[in-house]
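Numbering (numbering that gives the first Met the number 0), first residue to last: 0 to 266.
The beta carbon of each residue, even a glycine, is placed where N, CA and C say it ideally should be.
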Amino acid sequence: MPELPEMENYRQLLSQRILHKRIDEVEINREKSINVPVADFLEAVRGHSFIAIERRAKHLLFGLDSGNVLLLHLMLGGSVFYGDNPPDRTAQIVIHFRDSQLYFIGLRLGYLHLHSRPEVERLLAKLGPEPLAPSLSLPQFHQLLRRRSTTLKVTLVDQSFLSGIGNCYSDEICFMAGLLPTRRSGSLAEGEVERLYQAMHSVLNEAVRYGGYMDTPLFPGDTLTGGFDERCRVYDREGEPCVQCGTPITKQMVSSKKCFYCTHCQK
Ligand SMILES: [Zn+2]
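This is the structure:
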């Protein structure tokens, strides 16, 4: 499932390409992917343009010039493609601009919902702070962590704790911090909390810089998206040698979540 870096990568690349372009047509091939009657959706989108794209947690907010917002969550298996040649996979929603189209693909669990700005704010109000927000200081992070009795794995992917981290980056962050994902969040020593905080920043920033791990290009000729995939140190690397010590990476289910780590480097 796309996480913060994947959605941030989409946000940056799409912002350079679709803002202020008139939306000529909208194709809805799966009504369940939207939240209002098709006619209402078309009425709200056709003839308008996007004036800003924001990211909050794993969502993208496509701000329309009318003040309304299209709220995107890709969930499991969703992706986006921008270009003038349709991708092989069926698109549930297609937004047509004059010279190009934006395809929303694999929206089985995912969605593109139309909301007013106040509705969006209300819907996203329960999300925890953004991990990379400058306002999330180390002492504040420590305080949030201390209140948690769950394992690091469960805490890091909990969207009410921090928003935007999922299965992949929780493992990568724990590895970078040298901490076992099975550790109790509230039991970390001060130095360990600091390592976790630093690791969270370095891993997420690196992943954004390298385009996240989604392996399908966003547009023809896109060489950035997916660049982090080969840089993952532990995620989905069961049995492969640890990049630091050579010990085979362990896979374990932690509270029914897939978890990858090095038994030697992580304590
Ligand atoms: Zn190791």
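Pick helix, strand or coil for F140, following the three-state DSSP scheme.
Looking up residue 140 in the sequence shown gives position 141. Here F140 sits in helix by DSSP.
Report the CB separation of L13 from Y81 in whole angstroms; it is logged as a contact under 8 Å.
By one-based count along the sequence shown, residue 13 stands at place 14. By one-based count along the sequence shown, residue 81 stands at place 82. Confirmed, Cβ separation roughly 7 Å.
Do Q251 and ligand 1 come close, with the Cβ less than 7 Å from some heavy atom?
In the sequence shown, residue 251 corresponds to position 252, counting from 1. Checking every heavy atom of ligand 1 against the Cβ of Q251, none is found closer than 7 Å.
In this structure, what does DSSP give as the bridge partners for P128?
One-based indexing of the sequence shown puts residue 128 at position 129. Paired residue(s): none; P128 is not in a bridge.
State yes or no: is the C-beta of V192 within less than 8 Å of the C-beta of N8?
Translated into the one-based positions of the sequence shown, residue 192 becomes position 193. Translated into the one-based positions of the sequence shown, residue 8 becomes position 9. No, these two residues do not count as a Cβ contact at 8 Å.
What separation, rounded to the nearest whole angstrom, lies between the Cα atoms of G185 and T222?
The residue given as residue 185 occupies position 186 in the sequence shown. The residue given as residue 222 occupies position 223 in the sequence shown. Computed Cα separation, rounded: 41 Å.
Considering only the alpha carbon of each residue, which of G127, S254, S48 and A176 lies closest to S201?
Within the sequence shown, numbered from 1, the residue matching residue 201 stands at position 202. Ranking G127, S254, S48 and A176 by Cα distance to S201 puts A176 first.
So, do the stretch 106–114 and the stretch 139–151 have three or more beta carbon pairs nearer to each other than 8 Å?
Too few Cβ pairs lie closer than 8 Å, so no.
Cβ of C261 versus every heavy atom of ligand 1: is any distance shorter than 7 Å?
What you label residue 261 is simply residue 262 of the sequence shown in a count that begins at 1. Yes.
Keeping to the same chain, check which residues put their C-beta closer than 6 Å to that of V153; ignore five residues upstream and five downstream.
Working through the sequence shown from its first residue, we reach residue 153 at position 154. Around V153: S254.
Going by other Cβ atoms of all chains shown within 10 Å of its Cβ, with 16 needed for buried, is G77 buried or exposed?
Your numbering for residue 77 matches position 78 in the sequence shown. Buried, by the Cβ-count rule.
Short of 7 Å in beta carbon distance, which residues of its chain neighbour G238, apart from the five on each side in sequence? Order them along the chain.
Along the sequence shown, read from residue 1 onward, the residue named residue 238 stands at position 239. Around G238: P247 and I248.
Can you check whether the CB of C258 is closer than 8 Å to the CB of Q251?
Residue numbering aside, residue 251 sits at position 252 when the sequence shown is read from its first letter. Residue numbering aside, residue 258 sits at position 259 when the sequence shown is read from its first letter. Yes, the Cβ-Cβ distance between Q251 and C258 is below 8 Å.
Going by alpha carbons, who is nearest to T27 out of S136, V44 and K20?
Taking the sequence shown and counting its residues from 1, the one referred to as residue 27 is at position 28. Strictly speaking, residue 27 in this sequence is Ile, with Thr absent from that position. Nearest C-alpha to I27: V44.
Kindly examine ligand 1 and report whether one of its heavy atoms sits closer than 7 Å to the Cβ of T89.
For the purposes of this step, residue 89 is taken as the residue at position 90 of the sequence shown. Checking the Cβ of T89 against ligand 1 gives no.
Spatial neighbours of E53 within its chain, please: C-beta separation below 8 Å, excluding the five flanking residues on both sides.
Position 54 of the sequence shown holds residue 53. Excluding residues within five positions, the ones whose Cβ falls inside 8 Å are R10, L59, L60 and G62.
Indicate whether I94 and Q100 have their beta-carbon atoms separated by less than 8 Å.
By one-based count along the sequence shown, residue 94 stands at place 95. By one-based count along the sequence shown, residue 100 stands at place 101. Yes, Cβ-Cβ distance for I94 and Q100 is below 8 Å.
Please classify L137 as buried or exposed, where buried requires at least 16 neighbouring CB atoms within 10 angstroms.
The count along the sequence shown starts at 1 and reaches residue 137 at position 138. Exposed.
Can you list, in chain order, the residues of its chain whose CB lies under 6 Å from that of L106, leaving out five sequence neighbours each side?
Your numbering for residue 106 matches position 107 in the sequence shown. The residues are S32, G77 and Q91.
Nearest-angstrom Cα distance between L126 and G163?
Against the sequence shown, residue 126 aligns to sequence position 127. Against the sequence shown, residue 163 aligns to sequence position 164. Cα to Cα, the separation comes out at about 9 Å.
Return the CA-CA distance between G46 and P85, expressed in angstroms with no decimal places.
Numbered from 1 along the sequence shown, position 47 holds the residue referred to as residue 46. Numbered from 1 along the sequence shown, position 86 holds the residue referred to as residue 85. Their backbone Cα atoms lie some 22 Å apart in a straight line.
Residues bridged to V253 by DSSP?
As a working note, residue 253 is residue 254 in the sequence shown. Per DSSP, K256.
Roughly how many angstroms lie between the CA atoms of M199 and A38, to the nearest whole one?
Looking up residue 199 in the sequence shown gives position 200. Looking up residue 38 in the sequence shown gives position 39. Answer to the nearest angstrom: the Cα atoms are 43 Å apart.
Do F160 and Y260 have their beta-carbon atoms positioned less than 8 Å apart in this structure?
Taking the first residue of the sequence shown as position 1, residue 260 is located at position 261. Taking the first residue of the sequence shown as position 1, residue 160 is located at position 161. Taking 8 Å as the Cβ cut-off, Y260 and F160 do not qualify as a contacting pair.
What runs of the beta strand (DSSP E), each 3 residues or longer, lie entirely inside the stretch 6–50?
You should have 22–27.
Distance, Cα to Cα, L70 vs R116?
Within the sequence shown, residue 70 is the residue found at index 71, counting from 1. Within the sequence shown, residue 116 is the residue found at index 117, counting from 1. Distance between the alpha carbons of L70 and R116: 10 Å.
Straight-line CA distance for G220 to V79?
As a working mapping, residue 220 is identified with position 221 in the sequence shown. As a working mapping, residue 79 is identified with position 80 in the sequence shown. Roughly 15 Å between the two C-alpha positions.
Could you tell me the boundaries of the beta strand (DSSP E) in which A90 lies?
Counting from 1 along the sequence shown, the entry for residue 90 is found at position 91. Here the beta strand (DSSP E) through A90 covers A90 to F96.
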